[in-house]
Amino acid sequence: MSWLQSRRLHYFVGGVAILFGLLVALRMVFLFGFSSVTGGESHPWALVLETLGIGVRFDLRLAVLLMLPAMLLAWLPRWNSVRSGLLRGLSRFWLLLALAVVLLMYFIDFGHYAYLGVRLNASALKFLGDVQISQQMLWESYPVVWITLGWLALLVLSVFALFRLERITFDRQVRPISLWARIWGSAAMVVVVFFVLIGRTSNVNLENPVPLRWNDAFFAGDSQLGALGLNPVLFFYDTLKVPQERYDEAQVRQYYPQVSAYLGVDAPDAEQLDFSRRVPAQPHQLAGAAPNVVFIMLESLGTTAVGAYGNPLNPTPNLDRLAEQSWFFRHFYVPVTGTAKTVWASISGVPDVSRSETATRNPLITNQRSLINELEGYHKLYTIGGNSGWANMNALVRQSIDGIQLYEEGYWQSRNVDVWGISDLDLFKETDQLLRDLPQNKPFFAYIQTAGNHRPFTIPKDNDGFEVIDRPLEEVQAAGSRSVEQYNAARLLDFNIGRFMEMAKAGGYYDNTIFVMFGDHNTRIANIDYMKPAFDQLGLESNNVPLLIHAPGLLGAREFDEAVGLTDLLPTIAGLLGIEYDTQSMGRDLLTPPPEGERVVPLVLREGTFPLIGAVTKDFLLQMNHDGSEPSLHDLHSATPLDNVAEQYPEEYQRLLPLTRGLYETARYMLYDNVREQ
20 MSWLQSRRLH YFVGGVAILF GLLVALRMVF LFGFSSVTGG ESHPWALVLE
70 TLGIGVRFDL RLAVLLMLPA MLLAWLPRWN SVRSGLLRGL SRFWLLLALA
120 VVLLMYFIDF GHYAYLGVRL NASALKFLGD VQISQQMLWE SYPVVWITLG
170 WLALLVLSVF ALFRLERITF DRQVRPISLW ARIWGSAAMV VVVFFVLIGR
220 TSNVNLENPV PLRWNDAFFA GDSQLGALGL NPVLFFYDTL KVPQERYDEA
270 QVRQYYPQVS AYLGVDAPDA EQLDFSRRVP AQPHQLAGAA PNVVFIMLES
320 LGTTAVGAYG NPLNPTPNLD RLAEQSWFFR HFYVPVTGTA KTVWASISGV
370 PDVSRSETAT RNPLITNQRS LINELEGYHK LYTIGGNSGW ANMNALVRQS
420 IDGIQLYEEG YWQSRNVDVW GISDLDLFKE TDQLLRDLPQ NKPFFAYIQT
470 AGNHRPFTIP KDNDGFEVID RPLEEVQAAG SRSVEQYNAA RLLDFNIGRF
520 MEMAKAGGYY DNTIFVMFGD HNTRIANIDY MKPAFDQLGL ESNNVPLLIH
570 APGLLGAREF DEAVGLTDLL PTIAGLLGIE YDTQSMGRDL LTPPPEGERV
620 VPLVLREGTF PLIGAVTKDF LLQMNHDGSE PSLHDLHSAT PLDNVAEQYP
670 EEYQRLLPLT RGLYETARYM LYDNVREQ
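Numbered according to our numbering, the sequence shown spans residues 20 to 697.
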C-alpha cells in the first residue's frame with residue numbers, strides 16, 4: 020500500500036476535495052438563497068435530501084473533471100509538473116482559468132434563476148444578440164460591482180488553496196514506491212475515477228453503463244425540486260448540444276390554416292399560433308366502471324414480422340389470434356423510427372421530429388403535457404427491464420406524467436440477461452405482480468416497454484418452455500428477418516405476449532382492461548416480397564408497425580383500414596373512457612371523422628440534418644425534402660411505386676401537399692408549445 024504515500028495522489032485527492040467542498044457550498048447557497056424549495060414545508064425532507072444527493076454527485080464529477088488536466092500533467096512519466104516549472108505554470112493557468120469560468124457561471128446561474136426561475140442553460144445565449152441592452156439591464160438590476168468583487172474574492176481564495184496544496188504535496192520529500200505499487204495504485208484510481216464520472220456505484224450494468232444525467236434530478240417529476248439537483252456548469256454544457264434553431268415560425272404561420280383545420284381547432288388564431296382545443300366526452304364512450312389501460316410497446320416489431328400482416332413463416336400466432344379478437348389496424352405508422360422517439364410521441368402526442376438527437380435528450384422540453392394526466396383516479400405505472408435513463412427517457416416519463424411509479428433496472432428481483440436488463444418474460448411476470456398488488460379501489464394505467472426483440476436477441480434459459488426453431492438462413496431472410504436469431508426473438512416476443520395475457524386472466528384484470536399493443540419501429544433488412552412493393556421501395560416498412568387494441572370484455576373485433584398514427588392512441592383511449600380534456604398536441608380520436616376527409620398521417624422517412632418528410636394515407640404517400648423541395652406523390656398499390664403520380668391524381672396531390680410540410684413544421688413547433696408551465 021506504499022502507493023498511498025504518492026505525492027501526486029495526495030495532490031489529486033486534495034484538489035478534488037477543495038473543489039468539491041467549494042461546489043457543495045455553492046449548492047447550499049442556491050438552496051437557502053435562491054431555491055423555492057423549503058425542506059419540511061414545500062417538500063418533504065426525504066425528497067430534498069435525495070435530490071441533494073444527486074446534486075452532490077454532479078458536483079463531485081465536476082470537481083474531478085476540473086482536476087484531471089492538472090493531474091495528467093503531474094502524472095506524465097518523465098517531463099511533468101512535479102519536476103518542470105513550465106508544466107507547473109501551465110497547470111496553474113488551467114486551474115485559474117477553469118475556476119474563473121466555473122465561478123462566473125455559478126454567479127450568473129444565481130441571477131438567472133432569480134430572474135426566470137430556471138437554472139442556467141444554453142438558451143441564455145440569446146441575450147448575446149442584444150449585448151448593449153442586456154448589459155444595461157444587468158447594470159440597472161443587479162449590484163454588479165459587489166457581485167464582481169465577490170466573484171474575485173472567492174476565486175482568489177480557491178486558487179490560493181489549490182496552489183498551497185500543490186506546494187505542500189509536490190515539494191515535500193520523495194518516498195520510494197515500487198513499480199508494482201504504482202501500477203496497482205494507478206489502476207485503482209482509474210476505477211475510482213470511472214465510477215465517480217458515472218455517478219453510480221450500485222446497479223451499474225457494465226454492458227450498458229448509463230451515467231448519472233440531468234434527468235435523474237427530476238426523479239420526482241417536480242421542476243423546482245429537480246432544479247435543486249442540477250449542476251449549472253454541467254447542465255449548461257448538456258443544453259449546448261440542443262440545436263438553437265428550434266422551429267421555423269414563418270412556416271408554421273403559413274400552414275396554420277390547413278393544420279388548424281386538420282386538428283379541428285375550436286377558435287383558430289393564426290396570430291397566436293393557437294392549436295389548443297377542448298374535446299368533449301364522446302358518444303362512443305364505454306359504459307360502466309372505468310377500465311384499466313395497459314400500453315405494451317413491442318420493441319423493433321414491424322408489420323413485416325407479424326403473420327397477420329402477411330409474414331409467410333407465421334412467427335406470431337398469439338398476436339395473430341389477438342388480432343382476430345381486437346381492433347386491428349393494418350395501416351398504423353409511427354411518425355419517426357426509434358424507441359425513444361416512439362415513447363415520446365406515445366406519451367406527449369407530438370411527433371419527435373428533432374433533427375439531431377431525440378427530444379428526450381433536450382432538458383428544456385421534457386416536461387410535456389400528456390393526456391395520461393387526464394386519467395384521474397388511476398394508479399400509473401411505467402415498467403422497463405433495463406435502465407430508463409437510456410436516451411433520457413425517464414426525464415419525459417417522470418416530468419410529464421404526474422404520480423407515475425417508474426420501475427426499472429435495479430428494482431427487479433430477476434437477474435439481467437443482457438445489455439437491456441431482465442428478460443421480457445420476467446418483466447411481464449414482475450409487472451403482473453405489481454398490478455395484482457395494487458389497491459383495488461381504483462383502476463390502473465400501465466406502460467410496459469419491452470426490449471428482447473433487439474440485438475443481441477437473447478433467448479434466456481428460463482423461458483417457460485419456449486423452443487427455438489432452427490430454420491435455414493435463406494428462409495428467414497426471405498421472410499424479412501436478417502438472421503435466425505432475430506426470427507426467434509420475434510417469436511419469443513409473441514410467446515411472451517401470450518403468456519402475459521394468461522397472467523392477466525389469472526390475475527383477474529383481463530376482462531376489464533384495454534390492452535394497447537404497438538411496435539416502435541421495424542428493423543428488417545432482408546426481402547419482404549410478401550408485402551406490397553411500396554413498403555420496401557419507399558421505405559415505409561420502417562414506420563409501418565402493428566397496432567392492436569385488445570379488450571374482449573369491452574370492445575368487439577373490428578378491422579380498421581384507414582391510415583392512423585401513434586399520436587392518436589391516447590386521444591382514442593380518452594374517447595373510450597368518456598374523458599373531456601384540453602389538448603394542443605397532434606393526436607386525434609380514431610373514432611371521430613377526420614376533417615381532411617380520408618385520414619392523413621405525418622411521417623419522417625429519413626432522419627438527420629436534411630430529413631425526408633411525408634404524409635401517408637391508405638392509398639398514397641406524398642414525400643418531399645424538409646424544405647418543401649422535390650415533392651412527389653406515390654401510389655401505394657402500384658407495382659412501380661417510385662413513379663410520381665401527381666399528374667394522374669392532382670386533387671390528392673394538392674390535398675396532401677400543404678399538410679405534408681405543414682404538419683412537419685407544426686410538429687417542430689409543438690415540441691416547445693406543448694411544454695407545461697413550471
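C-beta atoms are modelled at their ideal positions from N, C-alpha and C, and glycine is treated no differently.
Excluding the 5 residues preceding and the 5 following residue i in the sequence, name in chain order all residues of the same chain whose CB lies nearer than 6 Å to its CB.
| i | result |
| --- | --- |
| A570 | I533 |
| H350 | A582, K637 |
| P677 | Y274, Q277 |
| L332 | A498 |
| Q270 | E684 |
Rounded to whole angstroms, what is the Cα-Cα separation between residue i and residue j?
| i | j | result |
| --- | --- | --- |
| D293 | A280 | 12 Å |
| Y274 | Y683 | 10 Å |
| W346 | P565 | 11 Å |
| N717 | G681 | Since the first residue of the chain shown is 20 and the last is 697, residue 717 is not available in this structure. |
| G584 | D285 | 22 Å |
| E376 | K360 | 10 Å |
| N311 | N482 | 27 Å |
| L79 | V32 | 11 Å |
| G422 | L596 | 20 Å |
| T469 | L446 | 8 Å |
| K399 | E449 | 15 Å |
| F537 | R272 | 33 Å |
| Q744 | G405 | Residue 744 is absent from the structure shown; the chain starts at 20 and stops at 697. |
| A239 | M47 | 20 Å |
| P462 | W439 | 29 Å |
| L589 | Y426 | 21 Å |
| L453 | T542 | 31 Å |
| A593 | Q304 | 9 Å |
| V623 | S373 | 10 Å |
| T591 | L559 | 24 Å |
| Q192 | S100 | 16 Å |
| I403 | W431 | 10 Å |
| D601 | D692 | 14 Å |
| E649 | P287 | 30 Å |
| P336 | I516 | 10 Å |
Quick one, which of the options has its alpha-carbon nearest residue i's?
| i | options | result |
| --- | --- | --- |
| L394 | V261, G616, E599 | E599 |
| I547 | L383, A665, E494, N337 | E494 |
| N381 | N392, N413, S389 | N413 |
| F189 | R26, T379, R111, I568 | R26 |
| M550 | Y328, L66, L50 | Y328 |
| L50 | F629, V67, N227 | V67 |
| D580 | T379, L139, W199, R618 | R618 |
| L567 | E578, L559, L557 | E578 |
| F255 | L144, R296, L139 | L139 |
| V416 | L444, A378, Y430, Q291 | A378 |
| A289 | T685, F519, E696 | T685 |
| N460 | G484, G396, F514, L511 | G396 |
| D662 | Y688, A576, A553 | A553 |
| W233 | I73, S221, L184 | I73 |
If you count every other CB in all the chains shown that lies within 10 Å of the CB of residue i, and 16 or more means buried, which is it?
| i | result |
| --- | --- |
| V210 | exposed |
| P302 | exposed |
| K480 | exposed |
| D235 | buried |
| D371 | buried |
| F314 | buried |
| H131 | buried |
| T628 | exposed |
Please return the same chain residues whose Cβ sits closer than 7 Å to the Cβ of residue i, not counting the five positions on each side in sequence.
| i | result |
| --- | --- |
| T356 | H540, S561, N562 |
| V487 | I478, N507 |
| V694 | I384, N386, Q387 |
For residue i, report the span of its beta strand (DSSP E) as first-last.
| i | result |
| --- | --- |
| K399 | 398-403 |
| N507 | First-last for N507: 503-526, but that is the alpha helix (DSSP H), not the beta strand (DSSP E). |
| G538 | 532-538 |
| M643 | 639-644 |
| A465 | 463-468 |
| S651 | 651-654 |
Got a sec, what are the start and stop residues for the alpha helix (DSSP H) residue i sits in?
| i | result |
| --- | --- |
| V416 | 412-419 |
| E493 | 492-496 |
| M689 | 669-692 |
Leaving out the 5 sequence neighbours to the left and right, which residues in its chain are closer than 8 Å to residue i when beta-carbon positions are compared?
| i | result |
| --- | --- |
| F476 | S502, E504, Q505, N507, A508 |
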